[in-house]
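*Asks:* When the letters of the sequence shown are read in order and numbered with mature numbering (1 follows the signal peptide of the UniProt record, and there is no 0), they come out as residues -18 to -1, 1 to 193.
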Amino acid sequence: MRLFLLTGLLCCALSAQAQYNTGLFGSTAEEGSYILVDNIRVRYTGKLKIFTKELVVKEKGKTIHWHPDEVHSIRIGERRYTTARGFRTKSGFGSRVEENNVFVELLDSGKISLMRYDYSVGAPGSSSQLTAYLLKEADQDTAVTIPVSVYTGKGKRFRDALAPYVMKRPDLVKLLEDGSISIESLPALIHALNTNSPFIRPTRPGSTLSE
């Protein structure tokens, strides 16, 4: 009886914490290109569908499956994708670290890469769609998740997480400290850092973070 109850509780816990291999770009394959890690000078083309843990390519009647560790970068239209690992995501009632590479959307790159990771959490049939925004410095192997209030799109933890990145830019420090930077303007902030240019507030708000 005790074994039965223990097994049941374990199954429930695993279901609650499951993350699915979610599609990152639409529901159908799209024309795009990709570069593999073992030869970054060659760009391949085909109909692509990107999942968190797999790139599926349809080319010349064949279907090829690529693991994130094998792919350097992906482009579909104006969107760019890369891989990231080592960041924290929600899982059930707690959180977990993505130890292995997964595919993420690359929003800006340079000294600092800003990325977006869409994933699903929950039991089959009742999963929740979540989004995490990540930062990774060029000389680092792992990314970090930017915490943000789901109600305000910013918050103290949001400011504290970004503060080390902007410390050499007094203009950006001021914007961050007075609450002018939120998740909607985060891409513009990182772009200003990467290009050493003034901060230009976006005219259209972006997506809000659900972490």
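Beta carbons: idealized from backbone N, C-alpha and C, even for Gly.
Starting from the Cα of P146, find the closest Cα among S109, G135, L158, K136 and give me that residue.
*Replies:* It is L158 whose Cα lies nearest to the Cα of P146.
*Asks:* To which residues of the same chain is L88 closer than 7 Å at the C-beta, ignoring the five residues directly before and after it?
*Replies:* Cβ neighbours of L88 beyond the five flanking positions: R62, Y63, T64, S95, M97.
*Asks:* Report yes if the C-beta distance between F69 and A120 is below 8 Å; otherwise report no.
*Replies:* In this structure, A120 does not lie closer than 8 Å to F69 by Cβ.
*Asks:* Determine the extent of the alpha helix (DSSP H) in which V148 is found, giving its start and end residues.
*Replies:* First-last of the alpha helix (DSSP H) with V148: 138 to 148.
*Asks:* Taking the beta strand (DSSP E) that E12 falls in, what are its first and last residues?
*Replies:* Its beta strand (DSSP E) spans residues 12 to 18.
*Asks:* Is DSSP giving H49 helix, strand or coil here?
*Replies:* Residue state, collapsed to three classes: coil.
*Asks:* Provide the residue(s) that pair with N21 in DSSP beta bridges, ordered along the chain.
*Replies:* DSSP lists L18 as partners of N21.
*Asks:* How big is the Cα-Cα spacing for V38 and T10?
*Replies:* Rounded to the nearest angstrom, the two C-alpha atoms are 11 Å apart.
*Asks:* Report the option in D20, E41, A143, K35 whose CA atom is closest to the CA atom of Y115.
*Replies:* Nearest option by C-alpha distance: A143.
*Asks:* Buried or exposed for H47, please, with buried defined as at least 16 other CB atoms from any protein chain shown within 10 angstroms of its CB.
*Replies:* Under this definition H47 is an exposed residue.
*Asks:* Ends of the beta strand (DSSP E) at T113?
*Replies:* That run of the beta strand (DSSP E) goes 110 to 119.
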